[in-house]
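Residue numbers (the working numbering), protein chains in the order written: chain A, 7 to 424; chain B, 30 to 345; chain C, 447 to 801. Okay, structure first, notes after.
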Amino acid sequence: MTHFNLGRIPAALAAAALAAGMAGQAGAQQALRIGALATLEGPFAVPGQDGMRGIELAVKEHGGAIAGRKIELVKASSNGNPDTAVAAARKLVEQDKVELFIGPLSGSEGIAVKNYAKSQPQVTFVNGSSAAQETTVSDPAPNFFRFSTDGAQWQYGLGDYAFKEKGYKRVVSVAEDYSFPYSLLQGFMVEFCRAGGKVVDKHWVPLGTKDYSSVIARLPDDIDAIYVALGGSDAVNFFSQYEQAGGDKPLIAGSITIDQSVLGYKGKRRDALVGTPSAGPIADDYDDPAWKAFVDAYRKEFKDGLPSPSLFAHAYYVNAKALLDGLAAVGGDLSDNQAKLRRQLATMTVKTPTGDVRLDENRNAVANIFLTEVARAGDGSFYNKFVKVVPDVDQYLGMSREEFTKMGVGSRTNPECR
Amino acid sequence: MIARLSAARIAGAVLALALLALAAAGLADNPRLFGLTVLNGLTLAALYFLVASGFTLVFGLMRVVNLAHGSLFLLGGYVGYAVGDASGSWFLALACGFAASALAGLVLQAGVFRYMEGQDLRQTLVSIGLSIVLADVFLWIWGGETYQFDPPEWLYGTVPLPLVGKYSGFRLVVLATAAAIGVALWLFLNRTRIGMMIRAGVDDRRMLSASGVNVQRVFAATFAIGAGLAGFAGVMGGTALSIAPGEDVRYLLASLVVVIVGGMGSIAGAAVGALLIGLSETFGLAYVPTYGVVFTFLIMVAVLAFRPQGLMGAAR
Amino acid sequence: MSAARWRRAMSGQVISAQAPSAAAAAAPARDSAWAWRLLALAALLLYPAVASPFFIFQVGGQALVLGIVALSLAWLGGYGGMVTLSQMTVAGVAGYALAIFGGNASAAHSLGWPWWLAIAMALSLAVLAAVAIGALAVRTEGIYTIMITLAIGVAFFYLVQQNQTVFNGFQGLSRILPPPLFGVDWRAPVPFYYLALACALAAYCAVAYLARSPFGMALQGIRENPRRMRALGFNVNAHRIAAHALAGLMAGAGGVLLAWYNSQISPGSVGTTALINILIVAVIGGMRHPAGPFLGALLFVLLQNFAIDLVDRERFNLVIGGVFLFILAVSPDGLLGVWRRLARTAHPAARRSSS
């Protein structure tokens with residue numbers, strides 16, 4: 007039996023790892039180290055890159071330094087999986103020794119990072135673009151701040167608009183079967199049901215379904231519109247298959263369904279999409295000086311960016327700006343477990359390209375929401391045309407805290423109004 | 030032995046009766062939905078057959094498990110899109126998708142798998158590694174966006190059908206194409222000289238080589254055809270559905286299940302497997318959306334429990 | 447590399463029957479091998495004293511835990527000749543069982559049983575799952591086994607993703623914490639490292655001992671030639687399923703530790719990527735020796751954490767795939783095979799006649 011000389015390898019590797027570890031600890035302490043986490047790998051790379059652009063823009067606007075300390079942005083990547091997000095966060099906090107943290111991108115990552123934040127009270131965590139309700143409404147972390155809105159907030163205002171302005175009374179929903187679409191649908195239904203509308207059926211499709219023919223076959227004829235909350239290529243597939251199957255009902259779109267990263271897909275532009283109402287944190291052609299300045303700055307700074315900043319770039323920008331503004335307001339004071347900074351963040355009002363943002367008692371944003379409709383630009387591409395601002399939407403969706411807690415966060419069967 | 034056979038037959042008969050009863054109930058409840066679901070299942074099965082036929086050809090006849098088959102699917106789709114976008118011709122895209130993947134398959138066989146003949150595990154592992162690398166390269170070149178093809182109008186519109194009303198014309202095109210390819214493959218294998226050589230080479234490579242045939246060339250041609258079929262399916266799938274990162278894993282898994290259920294190395298088996306899987310997926314999504322996905326795998330597990338070589342595979 | 451050499455590398459050397467002529471030369475080499483083993487053990491035990499908490503937990507702890515799951519794959523694949531892609535699935539079964547029976551953040555999904563009962567349930571369910579998968583997989587061989595276990599793994603992934611009532615669907619279950627035994631927080635870096643090390647050593651010793659026990663010899667014989675073993679009167683299927691059971695126990699232990707390490711479990715933990723990663727780890731490290739998977743896990747974890755500093759993080763999969771292919775091309779026996787060859791050229795006296 008060949009007894010293999012095992013001993014050398016672990017010792018050698020341990021020595022190498024030790025050397026690397028110690029080198030990492032001896033980094034510069036003068037620079038302000040801010041960790042940034044987005045999904046830079048896999049299919050979510052495009053939104054992730056745009057999120058990073060949002061942070062970089064905010065850093066640039068502050069001249070790359072706060073209170074005399076140069077900002078050092080340490081980037082990390084995840085792939086949408088909560089385990090990977092926490093591992094990346096752990097590397098940033100424990101290995102790269104960042105003092106502040108911005109991220110993550112997706113909803114389930116956000117919940118995992120919030121739980122991690124609780125175990126690291128010395129670092130202030132600010133959201134990227136994660137928009138799960140539970141991140142702040144259930145068991146919030148005292149050092150996790152979200153200056154962007156959650157999925158249910160994104161759809162607030164759409165229900166009223168669909169019922170009163172568009173005249174849709176009976177609607178069915180087609181959405182992916184996981185928590186984020188539940189939130190989107192809840193945000194839509196809270197107002198829609200209150201106004202008297204009926205969501206007669208909900209079709210929850212397993213995540214990753216590409217063939218929607220069976221779902222389309224089940225859609226009834228006696229409805230006014232279809233509410234669609236699908237993301238990415240699922241949305242693209244649904245549109246084309248619905249058209250191919252001869253469907254002609256108007257659509258109401260959840261925010262992820264007509265996001266820039268979906269509208270920019272490579273293929274034939276579907277005429278039927280034009281006029282689809284939706285709601286979300288941004289509107290591509292919002293006629294407001296602050297928004298225009300933001301879009302111009304984005305385009306000037308990032309020649310290889312998207313034609314217009316996506317909601318990911320916007321969310322990361324708002325969160326990063328709030329963090330940097332707050333830090334500047336306290337003069338860069340991170341002493342006493344960053345208490346001054348956190349008090350500032352919790353009480354300040356941030357001026358963002360989409361209006362003023364402040365935080366509620368769970369450190370979640372109270373911000374403006376935009377109603378939009380899909381329109382065709384001069385060059386044939388699609389964008390989200392601004393219709394109306396819904397001001398100061400909070401996480402309780404216009405209800406009191408007791409009412410909202412009684413209703414609970416969105417689920418497959420919550421809320422219902424058949 | 031006789032008692033076991035009867036038990037298997039009885040179980041099969043009971044299952045068939047149960048399915049028939051369910052089908053009758055579905056038909057009575059909502060005939061339009063039932064008809065639509067059957068058609069959807071058939072057309073999805075056609076797409077799966079297109080992808081799986083290449084896989085089963087390469088494995089069944091050459092004993093090479095190419096887990097990079099999904100990557101060849103994507104390659105055909107992406108290249109086809111680039112060509113179609115530049116030239117404006119969907120048919121050219123189709124041809125180039127086939128060609129690109131066939132070429133890639135040729136390179137794989139002549140440059141990689143040929144040197145690992147007989148080492149099944151190593152070939153499989155290498156193909157896994159290749160699929161990971163290729164998936165990342167595709168992401169690098171073509172990004173994370175979704176690509177969808179634009180076929181000519183006459184292929185694409187809605188078609189009025191009895192009972193179900195309007196139906197997607199292109200899905201019927203996929204069905205027709207798959208049937209045509211299935212027949213063509215069968216003819217190729219059973220009625221042409223090359224097909225005969227392939228079948229002979231599988232049975233006894235040495236004898237084939239002894240009779241003066243360049244076996245490596247035959248196998249290279251087979252791999253090229255199998256890979257080309259995957260690329261062809263990529264363009265078809267990109268038109269009926271879409272192409273995006275992650276589709277390679279999805280279609281690979283579908284091919285695996287189809288081939289496991291239908292039996293390795295049998296084109297007819299691939300057709301039967303594709304039918305079963307396509308129908309189960311669509312019926313599952315239509316009637317039991319939450320767990321429909323798991324049905325497919327339950328069928329596979331059931332087939333494995335009773336007939337490990339697949340429904341139409343040769344007994345080992 | 448020729449087919450014959452590959453076959454030799456993948457088989458032969460693990461069977462421990464020693465030719466008498468080599469026994470004499472083996473004795474001093476065996477002593478030095480033990481010395482190296484003790485040195486390695488000492489290094490592993492003293493590692494926390496010299497490494498930062500990040501390195502102890504995220505590198506050391508994670509490598510050990512992944513190594514345990516990969517060892518279960520190497521045991522089945524290297525010693526048993528059955529490469530299965532469902533080891534992470536079995537680990538996931540244990541992780542989910544631990545979360546559900548023990549307790550997690552969601553009260554609706556917790557049963558709140560005492561910790562020892564929850565762990566016992568997790569391990570038993572893992573073994574049961576492994577035996578069930580094994581019962582299906584033994585009807586097939588070689589490549590078929592890979593495909594079938596992959597499909598079973600994907601089925602489990604869809605099950606836990608779609609089911610809300612038991613598994614909490616896409617969100618998964620969070621706040622899975624080890625019990626505070628003896629007043630120690632077992633999830634702190636140093637205690638967790640030693641816990642993982644203890645389990646890893648137990649798994650290592652189990653595999654090393656079993657490989658040379660009658661059961662292990664029979665298993666390796668079955669790997670070589672099942673027909674002959676059957677002719678000799680061995681119950682081939684029973685042996686294989688027993689091997690699956692042991693692999694299930696190891697993977698289950700790994701799954702419990704992994705759930706504690708992440709303090710959460712979600713469908714992503716048992717998805718296709720996770721399943722294939724374990725295979726990559728086992729192959730990179732080497733499936734012929736119990737230490738191989740741990741080596742592979744260490745390399746994998748280092749790459750995962752530091753690739754972003756060396757290469758664009760976006761291309762992480764390219765790097766990992768490239769390393770995997772490189773090792774497959776150069777050495778069928780993974781990193782250990784490379785070392786073995788280097789060690790052999792450095793110590794000609796220790797050369798074996800069977801190589």
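For glycine and all other residues, C-beta sits at the position ideal for the given N, C-alpha and C.
Margin query: For S83 of chain A, would you say it is in contact with chain C, using Cβ-to-Cβ distances shorter than 9 Å as the test?
Written below: Indexing the first sequence from 1 puts residue 83 of chain A at position 77. Closer than 9 Å: yes.
Note to self: So within the segment 122-180 of chain A, which uninterrupted alpha helix (DSSP H) runs reach at least 4 residues, ignoring any that extend past its ends?
What the structure shows: The qualifying runs are 140-143, 157-160.
Item checked: Inter-residue CB distance, A158 of chain A and Q139 of chain A (contact presumed, cutoff 8 Å) -> Counted from its first residue, the first sequence places residue 158 of chain A at position 152. Counted from its first residue, the first sequence places residue 139 of chain A at position 133. The beta-carbon separation of A158 of chain A and Q139 of chain A, rounded to 6 Å, stays under the 8 Å limit for a contact.
Checklist line | Limits of the beta strand (DSSP E) - the one that G194 of chain B falls within | finding: Locating residue 194 of chain B in the second sequence gives position 165, where the first residue counts as 1. Per DSSP, G194 of chain B belongs to the beta strand (DSSP E) from 194-197.
Next item on the list: Return the residue from the list B:S118, B:V112, B:F142 that minimises the CA-CA distance to A129 of chain B.
Entry: Counting from one through the second sequence, the residue named residue 129 of chain B turns up at place 100. Nearest option by C-alpha distance: B:V112.
Note to self: Is C423 of chain A close to the ligand MG? I mean its beta-carbon at under 8 Å from any heavy atom of the ligand.
What the structure shows: Annotation note on the ligand MG: not contained in the displayed structure, which lists no ligands.
Check: Residues in the segment 768-781 of chain C with C-beta within 7 Å of chain B's C-beta atoms, listed in sequence order?
Finding: Listed in sequence order: G768, F770, L771, L774, P778.
Next item on the list: Please say whether G321 of chain B and I289 of chain B have beta carbons closer to each other than 9 Å?
Entry: In the second sequence, residue 289 of chain B corresponds to position 260, counting from 1. In the second sequence, residue 321 of chain B corresponds to position 292, counting from 1. No, these two residues do not count as a Cβ contact at 9 Å.
Next item on the list: Identify every residue that forms a DSSP beta bridge with K272 of chain A.
Entry: Counting from one through the first sequence, the residue named residue 272 of chain A turns up at place 266. Under DSSP, K272 of chain A forms a beta bridge with B:Y176.
Check: In three-state DSSP terms, what is N370 of chain A?
Finding: As a first step, residue 370 of chain A is located in the first sequence; it is residue number 364 there, counting from the start. Here DSSP, grouped into helix, strand and coil, assigns N370 of chain A to strand.
Item checked: Which listed residue (C:S709, C:N681, C:A488, C:V505) has its alpha carbon closest to that of S620 of chain C -> Counting from one through the third sequence, the residue named residue 620 of chain C turns up at place 174. Of the candidates C:S709, C:N681, C:A488, C:V505, the one whose C-alpha sits nearest the C-alpha of S620 of chain C is C:S709.
Note to self: Just to confirm, is the Cβ distance from R418 of chain A to Q610 of chain C under 9 Å?
What the structure shows: As a working note, residue 418 of chain A is residue 412 in the first sequence. As a working note, residue 610 of chain C is residue 164 in the third sequence. The Cβ-Cβ distance between R418 of chain A and Q610 of chain C falls below 9 Å.
Margin query: Can you check whether the C-beta of W169 of chain B is within less than 9 Å of a C-beta belonging to chain C?
Written below: Taking the first residue of the second sequence as position 1, residue 169 of chain B is located at position 140. True, the Cβ-Cβ gap to chain C drops below 9 Å.
Item checked: Inter-residue spacing [alpha-carbon to alpha-carbon] between D293 of chain A and G404 of chain A -> Your numbering for residue 293 of chain A matches position 287 in the first sequence. Your numbering for residue 404 of chain A matches position 398 in the first sequence. Approximately 26 Å between the Cα atoms of the pair.
Margin query: I'd like to know whether the C-beta atoms of I264 of chain A and F376 of chain A end up nearer to each other than 9 Å.
Written below: Residue numbering aside, residue 264 of chain A sits at position 258 when the first sequence is read from its first letter. Residue numbering aside, residue 376 of chain A sits at position 370 when the first sequence is read from its first letter. No. Outside cutoff.
Checklist line | Residue-chain proximity (G86 of chain A, chain C), Cβ-Cβ < 9 Å | finding: Start at 1 with the first residue of the first sequence, and residue 86 of chain A comes out as number 80. Yes, G86 of chain A counts as interfacial toward chain C.
Note to self: Can you check whether the C-beta of R621 of chain C is within less than 9 Å of a C-beta belonging to chain A?
What the structure shows: Position 175 of the third sequence, counted from the start, is the residue given in the question as residue 621 of chain C. Answer yes: the Cβ-Cβ gap between R621 of chain C and chain A drops below 9 Å somewhere.
Notebook entry, point to check: Just by C-beta distance, which residues in the segment 128-158 of chain B are closer than 7 Å to chain C?
Noted result: The segment 128-158 of chain B vs chain C, Cβ under 7 Å: E146, G147, Q148, D149, L150, R151, T153, L154, V155, I157, G158.
Note to self: For F326 of chain B, would you say it is in contact with chain C, using Cβ-to-Cβ distances shorter than 9 Å as the test?
What the structure shows: Indexing the second sequence from 1 puts residue 326 of chain B at position 297. Yes, contact with chain C.
Check: Given a limit of 9 Å on CB to CB distance, which residues of the segment 721-733 of chain C reach chain B?
Finding: Shown in chain order are the members of the segment 721-733 of chain C whose Cβ falls below 9 Å from a Cβ of chain B: I722, L725, I726, V729.
Next item on the list: Please go through the segment 695-754 of chain C and give each complete alpha helix (DSSP H) segment of 4 or more residues, from N-terminal end onward.
Entry: Qualifying alpha helix (DSSP H) stretches, in chain order: 718-731.
Margin query: According to DSSP, is A251 of chain A part of a helix, a strand, or is it coil?
Written below: One-based indexing of the first sequence puts residue 251 of chain A at position 245. Coil.
Checklist line | Residue range of the beta strand (DSSP E) that includes W210 of chain A | finding: Here residue 210 of chain A refers to the residue found at position 204 when the first sequence is read from its first residue. 204-211 is the extent of the beta strand (DSSP E) around W210 of chain A.
Check: Which parts of the segment 476-523 of chain C are runs of the alpha helix (DSSP H), unbroken and 4 residues or longer, counting only runs that do not cross its ends?
Finding: With a minimum length of 4 residues, the unbroken runs of alpha helix (DSSP H) contained wholly in the segment 476-523 of chain C fall at 508-520.
Check: Which same chain residues, not among the five before or five after V399 of chain A, have their C-beta less than 8 Å away from its C-beta?
Finding: As a working mapping, residue 399 of chain A is identified with position 393 in the first sequence. The residues T155, Q159, Y162, G163, V372, A373, N374, I375, in chain order, have a CB closer than 8 Å to that of V399 of chain A in the same chain once the five nearest residues on each side in sequence are set aside.
Item checked: Beta-carbon gap between Q504 of chain C and R96 of chain A smaller than 9 Å -> Residue numbering aside, residue 504 of chain C sits at position 58 when the third sequence is read from its first letter. Residue numbering aside, residue 96 of chain A sits at position 90 when the first sequence is read from its first letter. Taking a C-beta distance under 9 Å as the contact criterion, Q504 of chain C and R96 of chain A qualify as a contact pair.
Next item on the list: Just the C-alpha distance for K170 of chain A and L68 of chain B, rounded to the nearest angstrom, thanks.
Entry: Position 164 of the first sequence holds residue 170 of chain A. Position 39 of the second sequence holds residue 68 of chain B. About 39 Å.
Notebook entry, point to check: How many Å lie between G270 of chain A and T360 of chain A at the Cα?
Noted result: Counting from 1 along the first sequence, the entry for residue 270 of chain A is found at position 264. Counting from 1 along the first sequence, the entry for residue 360 of chain A is found at position 354. Distance between the alpha carbons of G270 of chain A and T360 of chain A is about 22 Å.
Check: Are the C-beta of V288 of chain B and some C-beta of chain C separated by less than 9 Å?
Finding: One-based indexing of the second sequence puts residue 288 of chain B at position 259. Yes, its Cβ sits closer than 9 Å to a Cβ of chain C.
Margin query: Relative to the C-alpha of A124 of chain B, which candidate in B:L216, B:A259, B:H98, B:G241 has its C-alpha closest?
Written below: The count along the second sequence starts at 1 and reaches residue 124 of chain B at position 95. For the residues B:L216, B:A259, B:H98, B:G241, the minimum Cα distance to A124 of chain B belongs to B:A259.
Notebook entry, point to check: To the nearest angstrom, how far is it from the Cα of P212 of chain A to the Cα of T325 of chain B?
Noted result: Start at 1 with the first residue of the first sequence, and residue 212 of chain A comes out as number 206. Start at 1 with the first residue of the second sequence, and residue 325 of chain B comes out as number 296. CA-CA distance, P212 of chain A to T325 of chain B, rounds to 14 Å.
Next item on the list: Closer than 7 Å, Cβ to Cβ, to anything on chain C: give me those residues from the segment 87-106 of chain A, in chain order.
Entry: Listed by position along the chain: N87, P88, D89, V92, A93, R96, K97, E100, Q101.
Item checked: Spatial neighbours of F312 of chain B in its chain, beta-carbon cut-off 6 Å, leaving aside the 5 residues before and after -> If you number the second sequence from 1, residue 312 of chain B lands on position 283. Short of 6 Å from the beta carbon of F312 of chain B, and not among the five residues preceding or following it, lie these beta carbons of its own chain, in chain order: T66.
Margin query: Counting only Cβ pairs nearer than 9 Å, list the residues of chain C close to Y320 of chain B.
Written below: The sequence position of residue 320 of chain B within the second sequence is 291, counting from 1. Those within 9 Å of Y320 of chain B in chain C are Y604, L605, Q608, N609.
Check: Name the DSSP bridge partner or partners of E67 of chain A?
Finding: In the first sequence, residue 67 of chain A corresponds to position 61, counting from 1. The bridge partners DSSP lists for E67 of chain A come to none.
Check: Using a beta-carbon distance cut-off of less than 8 Å, what residues from the segment 194-223 of chain B approach chain A?
Finding: Residues passing the 8 Å Cβ filter: G194, K195, Y196, S197, G198, F199, R200.
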